[in-house]
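In what follows, a structure is listed as structure tokens, so that the remarks can point back to it.
Numbering (my numbering), first residue to last: 269 to 699.
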């Protein structure tokens, strides 16, 4: 990925960062780079995720999915990082396999998704590192029951992606199910370039090697200076703008295929950096759709936002038919791609004209290689920002609190967090 931070400079934007301030910050980026490289070399928790491009084995993944390679649909059962990375990859790339991600336990929604599928032609991938994630295991039990009710042998259609030990690992051993290992030291939101994120891509027939090669190329761009490394440039700029008041980061891809990527980014940014009263709030939007619904706020609302655009340089195109309507005649000389590019450039210029900070992230096109680079680059940007904030980007204590409360409410043990639910303050307004 390439990054243009020109519209985030203080000479253009408010809040913004001056070139001199960036050069001072670059000293800290160099120190953070050394810490990141040490973490990678020692395969420390979290930092180990940045070694996935050279450690993930595509052949192992393909062997595991081979028994269901003919599936017309794949149900991925996971939540958070156990689903969003996989969804980002397959939603960005064209494929014939129908992809269903059960990452919510809304009963009506789950029932509707299952009823829409021919289960005899459907495969299952259940993903949980611990094998004890309540939402994932609940949905897996529901899916398994649906297969049995349809007289379909779920054991012939199921892949398990989990840790070395735990209930799901035991289940795989008991039923001789294909099992892939969630790599050690890799938090879920950093696992897109592992079996966690790549099983769905393998079932869909996507080029796993190209995904990893694109990520590896991004890894090889890491250096001790933000002026030489796109990922570090983005991470450092977001940190600097946040410290100057831009506490909201609106991620706006200008490609429909990257809409799910914005969701993946939101988890990565929020769960990794939201610690100790620090961190930007990620907001998801989609160009052109949301420039007609949110741009008003970004351009004329509080000066507390950074807008990040992500756009491919090359995309397929379609001619706009000519029309006899005089006011629309100019469209007949254009294509949808040209219209989209004009909308993008106009939105970017609109923000700059109002001195609102924005950053452009560019890909050559949306394919496996470029997508791998984008995912890896944003992971590195996040890790660098964590170093600059001096927070642990790899834990999620607030999430664990809620997990404990949920388990306690469902009778899964004694948890003090569950007791806090009964202490809720209420002020009801009823009709």
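Ideal Cβ placement from N, Cα and C applies to all residues, glycine included.
None of these values were measured; they are calculated from a predicted model.
Let me check understanding here. Comparing Cα to Cα, which of the options lies closest to residue i?
| i | options | result |
| --- | --- | --- |
| residue 371 | 318, 447, 694 and 354 | 354 |
| residue 327 | 640, 567, 476 and 407 | 476 |
| residue 415 | 402, 391, 438 and 432 | 391 |
| residue 557 | 607, 572 and 546 | 607 |
| residue 685 | 527, 678 and 670 | 670 |
| residue 681 | 402, 493 and 605 | 402 |
| residue 439 | 305, 589 and 412 | 412 |
| residue 305 | 480, 270, 488 and 474 | 488 |
| residue 376 | 635, 386, 632 and 407 | 407 |
| residue 366 | 695, 385, 464 and 699 | 385 |
| residue 712 | 593, 651 and 409 | With the chain covering only 269 through 699, there is no way to say anything about residue 712. |
| residue 609 | 693, 585, 380 and 596 | 585 |
| residue 302 | 698, 545 and 500 | 500 |
| residue 508 | 292, 270 and 269 | 292 |
| residue 453 | 593, 601, 613 and 307 | 307 |
| residue 601 | 331, 546 and 589 | 589 |
| residue 346 | 693, 286, 373 and 613 | 373 |
| residue 333 | 426, 290 and 546 | 426 |
| residue 555 | 613, 639 and 668 | 613 |
| residue 269 | 380, 635, 694 and 699 | 635 |
So, are the CB atoms of residue i and residue j less than 8 Å apart?
| i | j | result |
| --- | --- | --- |
| residue 579 | residue 630 | yes |
| residue 335 | residue 446 | yes |
| residue 478 | residue 637 | yes |
| residue 400 | residue 434 | yes |
| residue 469 | residue 344 | no |
| residue 653 | residue 503 | yes |
| residue 662 | residue 628 | no |
| residue 611 | residue 559 | yes |
| residue 315 | residue 483 | no |
| residue 424 | residue 449 | no |
| residue 591 | residue 604 | no |
| residue 688 | residue 673 | yes |
| residue 363 | residue 465 | no |
| residue 275 | residue 620 | yes |
| residue 281 | residue 570 | no |
| residue 664 | residue 481 | no |
| residue 562 | residue 553 | yes |
| residue 410 | residue 378 | yes |
| residue 529 | residue 356 | yes |
| residue 675 | residue 683 | yes |
With a threshold of 7 Å on Cβ separation, who are the neighbours of residue i within its own chain once the five nearest residues in sequence on each side are excluded?
| i | result |
| --- | --- |
| residue 548 | 506, 510, 515, 516, 517, 537 and 541 |
| residue 535 | 348, 349, 352 and 457 |
| residue 436 | 394, 396, 399, 428 and 430 |
| residue 493 | 294, 297 and 298 |
| residue 677 | 686 and 689 |
| residue 443 | 423 |
| residue 287 | 277 |
Between residue i and chain C, is any beta-carbon pair separated by less than 8 Å?
| i | result |
| --- | --- |
| residue 570 | Absent from the structure: chain C. Only one protein chain is present. |
With a cut-off of 8 Å on the beta carbons, I'd call residue i and residue j a contact; round off their distance for me.
| i | j | result |
| --- | --- | --- |
| residue 317 | residue 455 | 7 Å |
| residue 300 | residue 656 | 6 Å |
| residue 337 | residue 471 | 7 Å |
| residue 485 | residue 641 | 6 Å |
| residue 550 | residue 519 | 6 Å |
| residue 229 | residue 648 | With the chain represented from 269 up to 699, any question about residue 229 goes unanswered, as that position is not in the structure. |
| residue 462 | residue 320 | 5 Å |
| residue 633 | residue 583 | 7 Å |
| residue 264 | residue 368 | Nothing can be reported for residue 264: it is not among the residues displayed for the chain, which extend from 269 to 699. |
| residue 646 | residue 495 | Rounded, the Cβ-Cβ distance is 19 Å, inconsistent with contact. |
CB-CB under 6 Å to residue i, same chain, minus the five flanking residues each way: which ones, in chain order?
| i | result |
| --- | --- |
| residue 277 | 284 |
| residue 272 | 628 |
| residue 490 | 497 |
| residue 622 | 567 |
| residue 382 | 414 |
| residue 451 | 462 |
| residue 441 | none |
Please confirm whether any heavy atom of the ligand SAM lies closer than 7 Å to the CB of residue i.
| i | result |
| --- | --- |
| residue 437 | Of ligands this structure carries none, so the ligand SAM is not represented either. |
Apart from the five residues on each side of it in sequence, which residues of its chain come closer than 8 Å, Cβ to Cβ, to residue i?
| i | result |
| --- | --- |
| residue 581 | 630, 631, 632 and 633 |
| residue 330 | 470 and 476 |
| residue 618 | 563 and 567 |
What runs of the alpha helix (DSSP H), each 4 residues or longer, lie entirely inside the region 408 to 473?
435 to 443 and 463 to 471
Identify every run of the beta strand (DSSP E) within the region 626 to 697, keeping only runs that are complete inside it and at least 3 residues long; order them along the chain.
626 to 631
Can you give, in chain order, each stretch of the beta strand (DSSP E) that sits fully within the region 575 to 614 and has at least 3 residues?
none
Alpha helix (DSSP H) runs contained entirely in the region 368 to 409, provided each spans 4 or more residues:
375 to 383
Uninterrupted beta strand (DSSP E) stretches inside the region 519 to 582 (no shorter than 3 residues)
549 to 552 and 573 to 580
Residue ranges of each alpha helix (DSSP H) run of no fewer than 4 residues wholly in the region 277 to 341, ordered along the chain?
287 to 309, 320 to 323 and 326 to 333
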